[in-house]
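Protein chains: 2
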Amino acid sequence: MHDSDSDSDSDSSTEPGTEAGTAAGTEPGHAAQRRSDATRGAILAAARERFASDGYDRATIRAIARDAKIDPSMVMRYYGSKEGLFAAAVAVDLELPDLTSLPRHDVGRVLTRHFLRMWEENEELTALLRVAAASRAGADRMQGIFRDQLLPVTRQVCPDPEQVPTRAALCATQLLGLALTRYVLRIPPAVALHGTEIEAWLAPTLQRYLTAPSP
Amino acid sequence: MHDSDSDSDSDSSTEPGTEAGTAAGTEPGHAAQRRSDATRGAILAAARERFASDGYDRATIRAIARDAKIDPSMVMRYYGSKEGLFAAAVAVDLELPDLTSLPRHDVGRVLTRHFLRMWEENEELTALLRVAAASRAGADRMQGIFRDQLLPVTRQVCPDPEQVPTRAALCATQLLGLALTRYVLRIPPAVALHGTEIEAWLAPTLQRYLTAPSP
DNA sequence: TGCGTAGGCCAACAAGTGTTGACTTGGTCG
DNA sequence: CGACCAAGTCAACACTTGTTGGCCTACGCA
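Top line first, the protein sequences correspond to chains S and Z.
Each residue of the first sequence is one higher than the last, beginning at 468 in this note's numbering.
Each residue of the second sequence is one higher than the last, beginning at 468 in this note's numbering.
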């Protein structure tokens, strides 16, 4: 679990005010790393784990704090609220590859493999999916990821702009469906599937959703 | 904790004991309909709606009781606990058709259409999916439906018993993925899809997952 | 007519939640 | 050294949750 330099919080939206005024304190430099960075990272790591395994409601701040071996009030001090913590813990970037410089018949396979690897590697994605299924706010966040990350990539492959949303949505049904059955519902044969099997079965599906002529 | 029975609504599952002894009361006949059946039905209807829209944790017994215009304690009296209420409210039967007497090249289309219609018609399915994504107990229930309802149907189509679980799981990824994006996450282009479009796009996918030679 | 009992409501309980504020510690710099 | 301030702990608040037991009401059989 990396936590060293990921300065992705920087929200300043839900700051508790006490440290908002005297911004830097000792080091007025812009990249001052605070002494509490270790704790902040521990909180984020624990939060990701809890959100992924328990969902938003059942993942209590007290449990997260216990995992991080600090007091629950520290979570509030650093992240303002439970929602703020979730926003900081789950900052999803799918790192989708550039498909323009790729043989058209490879997009399905590349996309499938990329998604599978992303989901296996970091549990934020499972956390996000769980929360998205549980609450309206989570669903909105998932919609945002679809719009800002999957749609543009689909646009690279599909010539007709009119069809882009439909084709991207179809891909989302298959990819999110895989993540749902495998990592959230844990349906046994879906869990047992080997990576190569998934690629072999799903790549043609995505390929068709992206490039086949509209039926 | 685990309720073994999953009968539709023949109650008598989680009885509070007070009325368990004197079973029938007025009418000793087997089909005695109590005076409270209207209330019981109202509770179930309200519960389905709340579970579907809010998920298990956020759907409070108080809110359900308010919708049904009765006291929260009545819910406890009739269904024992929140889990008991959920078990009674969400008794899913997919009513999957018999695929043996069907041209093999039609199974994909028939299955897709059937799933879509089921999901459009009753909101229990969305409720179950929401809860399954949120809690362990809900996931177990979804696994049970997969095992008891989807697996047997797949067995009708697939000759090799070894491949049945894999192929059924693949179908589940696509079908549940559609339900997830369309009814739970409500990703706009997935919601906008017309029934005929879904059928045209997804039927070949299911057809391949069920009948194509293993890659 | 009287009475048992099912149907229903009310008020309360214990547990757990997010959140807050006052207090203590320990390192840093004038 | 002594003041300062971030880092952290402790105890409590206000609130919601599922759940419980007591009480009232009205129907239906004797």
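Ideal Cβ positions, reconstructed from N, Cα and C, are used throughout, including at glycine.
Beta-carbon spacing of residue i, residue j below 8 Å
i: S/V620; j: S/L669; result: no
i: Z/L652; j: S/Q610; result: yes
i: S/A667; j: Z/P656; result: no
i: Z/D639; j: Z/L617; result: The identity of residue 639 of chain Z in the sequence shown is Ala, whereas the question assumes Asp. Yes; because the gap between Cβ atoms is below 8 Å, this pair is in contact.
i: Z/E590; j: Z/R515; result: yes
i: Z/T579; j: Z/I537; result: no
i: Z/A513; j: Z/V557; result: no
Spatial distance of residue i from residue j (CA atoms)
i: S/A555; j: S/V574; result: 32 Å
i: S/Q623; j: S/Q674; result: 13 Å
i: Z/D665; j: Z/T678; result: First, the amino acid is wrong: residue 665 of chain Z is Ile here, not Asp. Computed Cα separation, rounded: 20 Å.
i: Z/A490; j: Z/R544; result: Interpretation of Z/A490 is limited by its pLDDT of 33, a score under 50 that renders its predicted location unreliable; the figure taken from the coordinates is listed afterwards. Answer to the nearest angstrom: the Cα atoms are 15 Å apart.
i: S/A509; j: Z/L592; result: 38 Å
i: Z/L596; j: Z/R529; result: 22 Å
i: Z/A599; j: S/G522; result: 11 Å
i: S/T527; j: S/K549; result: 9 Å
i: S/F518; j: Z/G662; result: 34 Å
i: Z/A601; j: Z/V577; result: 30 Å
i: S/C625; j: S/V631; result: 6 Å
i: Z/I531; j: Z/R608; result: 22 Å
i: Z/A646; j: Z/M541; result: 33 Å
i: S/A606; j: Z/P570; result: 39 Å
i: Z/D627; j: Z/A636; result: 15 Å
i: Z/S471; j: Z/G551; result: Only weak support exists for where Z/S471 lies, its pLDDT of 35 falling under 50; the coordinates are left without a value.
i: Z/P564; j: Z/I612; result: 15 Å
i: S/Y676; j: S/H572; result: 12 Å
i: S/G547; j: Z/R584; result: 44 Å
i: S/L511; j: Z/E587; result: 39 Å
i: Z/F553; j: Z/S520; result: 14 Å
i: Z/F582; j: S/P539; result: 45 Å
i: S/I654; j: S/E629; result: 36 Å
i: Z/E562; j: S/G644; result: 22 Å
i: S/R533; j: S/P680; result: 54 Å
i: Z/G488; j: Z/A535; result: Low per-residue confidence applies at Z/G488: pLDDT is 33, beneath 50, and the placement is therefore not dependable, though the value from the model is reported in the following sentence. In a straight line, the C-alpha of Z/G488 is about 27 Å away from that of Z/A535.
i: Z/D615; j: S/R614; result: 37 Å
Under the three-state DSSP convention, the category residue i falls into
i: Z/G547; result: coil
i: Z/E590; result: coil
i: Z/S602; result: coil
i: S/V559; result: coil
i: Z/S681; result: coil
i: Z/R502; result: coil
i: S/I537; result: coil
i: S/H661; result: coil
i: Z/P570; result: coil
i: S/T527; result: coil
i: S/P626; result: coil
i: S/P564; result: coil
i: S/L511; result: helix
i: S/R653; result: coil
Interface partners of residue i on chain Z, CB under 7 Å
i: S/A444; result: A question about residue 444 of chain S goes unanswered here, because the residues of chain S that appear run from 468 up to 682.
i: S/D524; result: D524, R525
i: S/F613; result: I654
i: S/L583; result: The contacting residues do not exist; S/L583 stays about 12 Å from chain Z at best.
Cross-chain neighbours of residue i in chain S, by beta carbon under 8 Å
i: Z/M609; result: L652, I654
Assigned exposure category for residue i - 16 Cβ within 10 Å defines buried
i: S/D504; result: exposed
i: S/S568; result: exposed
i: Z/V559; result: buried
i: Z/V658; result: exposed
i: Z/R649; result: buried
i: Z/R502; result: exposed
i: S/P671; result: buried
i: S/R634; result: buried
i: S/A604; result: exposed
i: Z/A498; result: Its pLDDT being 41, under 50, Z/A498 is placed unreliably by the model, and nothing is read from it.
Cross-chain neighbours of residue i in chain S, by beta carbon under 7 Å
i: Z/L643; result: G644, L647, T648
i: Z/P682; result: A667, W668
i: Z/Y545; result: What Z/Y545 touches in chain S: nothing, since even the nearest Cβ is about 25 Å away.
i: Z/T621; result: Result: empty, since nearest Cβ-Cβ is about 10 Å, beyond 7 Å.
Under 9 Å from the C-beta of residue i: neighbouring residues of chain Z
i: S/R597; result: A600, A601
i: S/A556; result: None at all; the shortest Cβ gap to chain Z is about 18 Å.
Beta-carbon neighbours of residue i, restricted to chain Z and to distances below 8 Å
i: S/A606; result: V651, L652, R653
i: S/A635; result: P656
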